[in-house]
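These notes are about the structure you will find just below.
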Amino acid sequence: MNRTAQLTQREEGVSSASPPFLPILIDRIYRQLLLSQIVRIEAAGCYSWIYTRNGERFLTTQNILSLQVRLSGFWRVHRSHLINPLYILRPVQREGKLHLSTGYQAPIARRRRRQIRLQLRLLTYSHSY
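All residue numbers for the sequence shown refer to full-length UniProt numbering, where the first residue is 1 and numbers rise by one.
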């Protein structure tokens, strides 16, 4: 598989090769976060904030690109946001955002809106059976 195909596959969240845990360093101690508990990741310069479904947030020294590579099932919807598709409720069309089950509305980059719409259709289609 060539590099472009690999990047496209990662971007679309096709691969399910991600381990079920994400090890992150918090207060000099490694902690394992269940991927199913992570709702979204937001870039903060060279760092990233990881938000969980129980309302916790953790600052990690890993940037969003390195997390995107490790979390192939997550969707990069904006340069500053990685989203776990399990927590998407619906798109907010007029504002170009995704409404998440936590109440947060994640921005969708204009150049990614078509791709996200397609992924949402595929996600909805796969869950309708």
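Just so you know, even glycine gets a beta-carbon here, dropped at the ideal spot from N, CA and C. In this text the structure is predicted, and so the values were computed from the model without any measurement.
Practice task
Pull up the DSSP beta-bridge partners for Val69, would you.
Solution key: Position 69 of the sequence shown holds residue 69. BP columns for Val69 are empty, so no partner.
Practice task
Leaving out five residues on either side along the sequence, give the residues of the same chain with a beta carbon under 8 Å from the beta carbon of His78.
Solution key: The residue labelled residue 78 in the question sits at position 78 within the sequence shown. So the list reads Ala106, Pro107, Ile108, Ala109 and Arg112, once near-sequence residues are dropped.
Exercise for the section: Report the residue ranges of all alpha helix (DSSP H) runs contained in full by the UniProt domain "HTH LytTR-type" (50-122); include only those spanning at least 4 residues, in chain order. Expected result: List check, alpha helix (DSSP H) in window: 64-70.
Exercise for the section: Look at the alpha carbon of Ala5 and the alpha carbon of Val39, and state the distance between them as a whole number of angstroms. Expected result: Position 5 of the sequence shown, counted from the first residue, corresponds to residue 5. Position 39 of the sequence shown, counted from the first residue, corresponds to residue 39. Caution is warranted here: a pLDDT of 41 is assigned to Ala5, below 50, making its placement in the model unreliable, and the coordinate value is therefore given only provisionally. Each residue's Cα considered, the two are about 26 Å apart.
Handout entry: Residues of its chain near Leu34, where Cβ-Cβ distance is below 7 Å and the 5 sequence neighbours each way are ignored
Key = One-based indexing of the sequence shown puts residue 34 at position 34. Cβ within range, chain order: Pro20 and Phe21.
Practice task
Might you give, ordered along the chain, the residues of its own chain that have their beta carbon closer than 8 Å to the beta carbon of Ile116, omitting 5 neighbours on each side?
Solution key: By 1-based counting over the sequence shown, the position of residue 116 is 116. So the qualifying residues of the chain are Trp75, Val77, Pro91, Leu98 and Ile108.
Problem - Buried versus exposed call for Thr124 [16 or more other C-beta atoms within 10 Å across all chains shown] - result: For this step, residue 124 is matched to residue 124 along the sequence shown. By the C-beta density criterion, Thr124 is exposed, having fewer than 16 other C-beta atoms within 10 angstroms.
Practice task
Within its chain, find whatever has a CB closer than 8 Å to the CB of Ser80; leave out the 5 residues flanking it on each side and keep chain order.
Solution key: Position 80 of the sequence shown, counting from 1, holds the residue named residue 80. Excluding sequence neighbours, Ser80 sits near Glu42, Ala43, Ile64 and Pro107.
Exercise for the section: Could you check the C-alpha separation between Pro85 and Arg31 for me, to the nearest Å? Expected result: Indexing the sequence shown from 1 puts residue 85 at position 85. Indexing the sequence shown from 1 puts residue 31 at position 31. Across the structure, Pro85 and Arg31 are spaced so that their CA atoms are roughly 23 Å apart.
Problem - Cutoff 8 Å; reference Tyr87; Cβ partners in own chain excluding five residues on either side - result: Looking up residue 87 in the sequence shown gives position 87. In chain order, Val39, Arg40, Arg53, Leu100, Ser101 and Thr102 place their CB closer than 8 Å to the CB of Tyr87, counting only its own chain and leaving out the 5 sequence neighbours on each side.
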